[in-house]
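J.: Residue numbers (full-length UniProt numbering), protein chains in the order written: chain A, 1 to 246; chain B, 1 to 246. Heads up, the beta-carbon is just placed ideally off N, CA and C, and yes, glycines get one too. Take a look at the following structure, please.
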DNA sequence: TTTTGTGGTTGACGTGGATCAACGGTGTAT
DNA sequence: ATACACCGTTGATCCACGTCAACCACAAAA
């Protein structure tokens with residue numbers, strides 16, 4: 001079901017130009033020459049074990065990260081102890097952009113499985129993007145894409161009901177797995193129901209019930225974190241429904 | 001109650017260096033020399049009448065905009081006709097950053113009152129930010145700040161109840177008016193209850209009821225769009241409350 | 001193998017906010 | 001001055017989702 005993604009031997013440096021994530025990651029759209037120059041930028045790689053933090057809110061911001069393998073969640077902690085998951089990130093996606101504004105990380109990034117990131121020193125990124133135009137453009141696009149994505153989540157949280165939110169979530173996951181060469185119809189969620197609930201502004205029980213309902217309706221097959229999408233059209237119909245809310 | 005903000009005579013070009021919004025806008029944190037160079041960047045100014053669009057979703061992206069006077073809302077239209085307001089912008093704030101990613105605007109920007117923006121051609125911005133380091137840094141910070149802001153809204157939508165949302169909204173407005181030299185305690189909202197509701201993921205009736213409740217409790221005085229905050233501490237307490245949701 | 005813990009499911013019940021509806025106030029056009 | 005939108009308020013009712021609670025499945029530890 002999955003396309004094999006070659007995993008790097010620990011410590012062996014893999015240049016961007018040889019990385020199979022190029023067209024998902026920062027280098028997307030850059031010329032070969034430009035990508036070669038990136039290799040001076042992406043120095044260290046860092047392994048993060050499941051449940052460990054890549055960074056925490058309040059820590060000084062020095063680098064952004066590209067996910068080389070694995071997946072993460074980002075969350076913010078409210079004063080009263082509640083946690084709000086602001087995103088789930090997969091291979092090729094960038095982490096840490098929110099830290100640029102204050103030079104402090106504004107959220108926590110936690111690995112959902114054993115993962116590896118490429119560390120991109122921010123001052124070097126600024127320096128290099130002054131001379132490599134493609135890098136400058138791509139970096140701006142990455143940031144802008146994050147803004148657009150966030151607006152999508154705001155729309156979901158502001159105007160969709162529980163089942164629509166979950167349908168949108170599943171379709172989004174499916175689409176991102178597809179882009180990574182995995183099956184669009186069958187995948188493994190790395191996050192808990194509670195994390196999904198936090199992200200979608202729902203309680204875990206509501207998430208669980210929606211999963212069950214989708215299963216009863218023949219839209220998906222659920223077995224714990226393993227999801228099989230049986231009726232993608234049916235799911236899509238759910239989110240342009242005429243029902244109301246918010 | 002307000003500090004007078006000199007309004008430019010139509011057509012008279014005002015350089016960034018002479019603009020009283022410097023410390024709220026893109027030039028914030030840049031050196032005098034650097035700011036002088038911005039003047040070649042900010043060419044045209046554009047006036048937008050109340051209810052008119054600065055741009056619409058789907059239009060080609062060519063420029064970002066700094067609000068010189070007035071205020072705007074941004075919204076996205078869902079397939080089924082529902083509208084989600086993604087933000088309200090005031091003087092000195094930037095519009096259009098979401099368009100960079102796809103080179104198409106991804107939302108609509110509508111003036112909430114007669115307004116004026118500085119047009120910043122995006123290709124010129126890229127060019128100039130390659131040579132003016134302060135500009136590069138500030139631009140990145142502006143984008144990053146937008147991401148952080150969006151995460152804040154996601155948190156609000158995902159985990160707060162109606163009254164907390166409105167309290168957070170009022171405190172945020174108050175703080176932004178303050179930063180612009182207006183009163184923290186008394187201001188005029190330019191948007192309707194419905195627009196506030198859309199932004200906060202609530203129906204206009206709920207917004208209206210929350211306003212009334214706050215008034216009954218002596219937290220604020222409401223007269224249509226005119227708001228007077230009577231108990232800012234009380235409002236703040238509301239949002240770190242122990243009540244539950246989401 | 002049994003134990004323990006964490007995560008997931010399901011049911012019963014309560015409630016915050018949506019919905020439906022009527023009415024009042026304010027600004028704009030005539 | 002009057003009419004007409006549009007906007008805002010308020011009440012009555014309903015329902016989606018939160019809450020509380022019991023139970024189950026699976027994985028890691030003993």
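Can you list the residues of chain A that residue 118 of chain B reaches, using a CB-CB cut of under 7 angstroms?
T.: Ordered by position in chain A, no residue passes the 7 angstroms Cβ test against residue 118 of chain B, which lies about 19 angstroms from the chain.
J.: With a cut-off of 7 angstroms, does the C-beta of residue 192 of chain A fall near any C-beta of chain B?
T.: No, because no Cβ of chain B sits closer than 7 angstroms to the Cβ of residue 192 of chain A.
J.: My guess is that residue 273 of chain A and residue 97 of chain A are in contact by the Cβ rule of under 8 angstroms, so how many angstroms apart are they, rounded?
T.: Here chain A has residues from 1 to 246 only, and residue 273 of chain A is not among them.
J.: With residue 106 of chain B and residue 57 of chain B assumed to form a contact (beta carbons below 8 angstroms), what rounded beta-carbon distance in angstroms separates them?
T.: Their Cβ separation, rounded to whole angstroms, is 6 angstroms, which keeps residue 106 of chain B and residue 57 of chain B in contact under 8 angstroms.
J.: Taking residue 187 of chain A and residue 173 of chain A to be in contact with their CB atoms under 8 angstroms, please state how far apart those CB atoms are, rounded to whole angstroms.
T.: Indeed, because the Cβ distance is near 6 angstroms, the residues count as touching under 8 angstroms.
J.: With C-beta atoms as the reference, is residue 113 of chain A less than 7 angstroms away from residue 193 of chain A?
T.: Result no, Cβ atoms of residue 113 of chain A and residue 193 of chain A do not sit closer than 7 angstroms.
J.: Let's see if you can read the secondary structure: which residues bound the alpha helix (DSSP H) around residue 199 of chain A?
T.: 193-200 is the extent of the alpha helix (DSSP H) around residue 199 of chain A.
J.: Do residue 66 of chain B and residue 94 of chain B have their C-beta atoms within less than 7 angstroms of each other?
T.: Yes, the Cβ-Cβ distance between residue 66 of chain B and residue 94 of chain B is below 7 angstroms.
J.: Anyone know if the C-beta pair for residue 141 of chain A and residue 41 of chain A falls short of 7 angstroms?
T.: Not a contact, by the Cβ cut-off of 7 angstroms.
J.: Counting pairs of Cβ atoms below 8 angstroms between the region 198-210 of chain A and the region 230-238 of chain A, do you hit three or more?
T.: No, they do not touch.
J.: Starting from residue 220 of chain A, trace the beta strand (DSSP E) both ways and give me its first and last residue.
T.: From DSSP, the beta strand (DSSP E) with residue 220 of chain A extends over 220-223.
J.: Is there a Cβ of chain B sitting closer than 7 angstroms to that of residue 141 of chain A, yes or no?
T.: For residue 141 of chain A, the answer is yes, since a Cβ of chain B falls inside 7 angstroms of its Cβ.
J.: Are the Cβ atoms of residue 73 of chain A and residue 195 of chain A separated by less than 7 angstroms?
T.: In this structure, residue 195 of chain A lies closer than 7 angstroms to residue 73 of chain A by Cβ.
J.: Please go through the region 65-145 of chain A and give each complete alpha helix (DSSP H) segment of 4 or more residues, from N-terminal end onward.
T.: Within the region 65-145 of chain A, the complete alpha helix (DSSP H) runs of at least 4 residues are 122-131.
J.: Quick one: give me the first and last residue of the beta strand (DSSP E) that residue 48 of chain B is part of.
T.: First-last of the beta strand (DSSP E) with residue 48 of chain B: 42-48.
J.: Would you list the one or two residues that DSSP bridges to residue 53 of chain A?
T.: DSSP output for residue 53 of chain A lists A:110 as bridge partner(s).
J.: Can you find a C-beta in chain B that's less than 7 angstroms from the C-beta of residue 75 of chain A?
T.: Not one chain B Cβ lies under 7 angstroms of residue 75 of chain A.
J.: Can you list, in chain order, the residues of its chain with a C-beta nearer than 8 angstroms to that of residue 163 of chain B? Leave out the 5 residues immediately preceding and following it.
T.: Same-chain partners within the cutoff: 210, 213, 214, 238.
J.: For the region 75-94 of chain A and the region 120-137 of chain B, state whether three or more C-beta atom pairs, one from each stretch, are separated by less than 8 angstroms.
T.: As far as the Cβ criterion goes, the region 75-94 of chain A does not touch the region 120-137 of chain B, which means the pair count is below three.
J.: Do we get a CB-CB distance below 7 angstroms when we pair residue 19 of chain A with the residues of chain B?
T.: Residue 19 of chain A does not count as touching chain B.
J.: Take residue 92 of chain B and list the residues in its own chain whose beta-carbon comes closer than 6 angstroms to its own, dropping the five residues that flank it on each side.
T.: Cβ within range, chain order: 21, 24, 25.
J.: What residues are listed by DSSP as bridge partners for residue 27 of chain B?
T.: DSSP output for residue 27 of chain B lists no bridge partner at all.
J.: What does the alpha-carbon distance come out to for the pair residue 135 of chain B and residue 68 of chain B?
T.: Roughly 18 angstroms separates the two Cα atoms.
J.: Is it the case that the Cβ atoms of residue 116 of chain A and residue 45 of chain A are separated by a distance below 7 angstroms?
T.: In this structure, residue 45 of chain A lies closer than 7 angstroms to residue 116 of chain A by Cβ.
J.: Please decide whether residue 265 of chain B counts as near chain A, where near means a Cβ-Cβ distance under 7 angstroms.
T.: Outside the displayed span of chain B (1 to 246) sits residue 265 of chain B, for which this structure offers no information.
J.: Taking all protein chains shown into account, do 16 or more other C-beta atoms lie within 10 angstroms of the C-beta of residue 216 of chain A, making it buried, or fewer, making it exposed?
T.: The residue is exposed, with fewer than 16 neighbouring Cβ atoms inside 10 Å.
J.: If you follow the alpha helix (DSSP H) that residue 32 of chain B is part of, which residue opens it and which one closes it?
T.: First-last of the alpha helix (DSSP H) with residue 32 of chain B: 32-38.
J.: With a threshold of 7 angstroms between beta-carbons, can residue 84 of chain B be considered close to chain A, or not?
T.: Interface residue, yes.
J.: Give me the Cα-Cα distance between residue 59 of chain B and residue 103 of chain B, rounded to the nearest whole angstrom.
T.: Cα to Cα, the separation comes out at about 9 angstroms.
J.: Determine the extent of the alpha helix (DSSP H) in which residue 209 of chain B is found, giving its start and end residues.
T.: 204-216 is the span of the alpha helix (DSSP H), which, as asked, contains residue 209 of chain B.
J.: Using a C-beta to C-beta distance shorter than 9 angstroms, which residues of chain B count as neighbours of residue 126 of chain A?
T.: What residue 126 of chain A touches in chain B: 133, 136, 137, 140.
J.: In angstroms, rounded to a whole number, what distance separates the CA positions of residue 156 of chain B and residue 100 of chain A?
T.: Straight-line Cα distance between these residues: approximately 22 angstroms.
J.: Against chain B, which members of the region 99-123 of chain A pass a CB distance test of less than 8 angstroms?
T.: The region 99-123 of chain A vs chain B, Cβ under 8 angstroms: 99, 100, 101, 102, 106, 107.
J.: Along the chain, where does the alpha helix (DSSP H) that runs through residue 180 of chain B open and close?
T.: Looking at the DSSP string, residue 180 of chain B is not in any alpha helix (DSSP H), and its letter there is neither H nor E.
J.: Among the residues of its own chain, which have a CB less than 8 angstroms from the CB of residue 32 of chain B, if the five just before and after it don't count?
T.: Taken in chain order, the residues that qualify are 17.
J.: What's the gap between the Cα of residue 222 of chain B and the Cα of residue 190 of chain B?
T.: Those two C-alpha atoms are separated by around 14 angstroms.
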